[in-house]
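S.K.: No gaps in the numbering here: position 74 of the sequence shown is 59 in this note's numbering, and each next residue is one more.
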Amino acid sequence: MEDQMPNIIELIDENNQVISFEHIMTLDYDGREYIVLAPTDRDLDTEEDEVVILRVEQDENGDDCYVSIDDEDELEEVFAAVNEVYEKGLQ
-14 MEDQMPNIIE LIDENNQVIS FEHIMTLDYD GREYIVLAPT DRDLDTEEDE
36 VVILRVEQDE NGDDCYVSID DEDELEEVFA AVNEVYEKGL Q
């Protein structure tokens, strides 16, 4: 079996620093698309199993852009959906 290389996505933070993330999954939930990422740099202030969930939207050119989720209820619902998908994958 071949080892799969992780799919790395680089994002620019509010301080113009490039941060690398591993793409964990893309999820369609409630008519919207979300991307789940894990930081590749464990020196960041993150737990080992911490993930980042961003909403996928399109800019004026139709290109995907990743938007943070400010609504706590939306974030909790999407996180629960991510956990459900993950747990089904373990069965």
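Here a beta-carbon is modelled for each residue, glycine too, at the ideal position from N, C-alpha and C.
Under a Cβ-count criterion, where at least 16 other Cβ atoms within 10 Å of its own Cβ denotes burial, should V21 be classed as buried or exposed?
M.R.: Numbered from 1 along the sequence shown, position 36 holds the residue referred to as residue 21. Buried.
S.K.: DSSP puts A23 in a beta bridge; with which residues?
M.R.: Translated into positions along the sequence shown, residue 23 becomes position 38. Answer is E7.
S.K.: DSSP on V41, reduced to helix/strand/coil?
M.R.: Numbered from 1 along the sequence shown, position 56 holds the residue referred to as residue 41. In this structure, V41 counts as strand in the three-state DSSP scheme.
S.K.: Among residues of its own chain, excluding the 5 on either side of F64, which ones have a beta-carbon nearer than 8 Å to its beta-carbon?
M.R.: Walking along the sequence shown from the start, residue 64 turns up at place 79. Within the same chain, F64 has close Cβ partners I38.
S.K.: Under a Cβ-count criterion, where at least 16 other Cβ atoms within 10 Å of its own Cβ denotes burial, should R40 be classed as buried or exposed?
M.R.: Counted from its first residue, the sequence shown places residue 40 at position 55. Burial call: buried.
S.K.: Hey, out of V3, E(-5), I54, whose CA is closest to R17's CA?
M.R.: For the purposes of this step, residue 17 is taken as the residue at position 32 of the sequence shown. Selected option, being the one with the closest Cα: I54.
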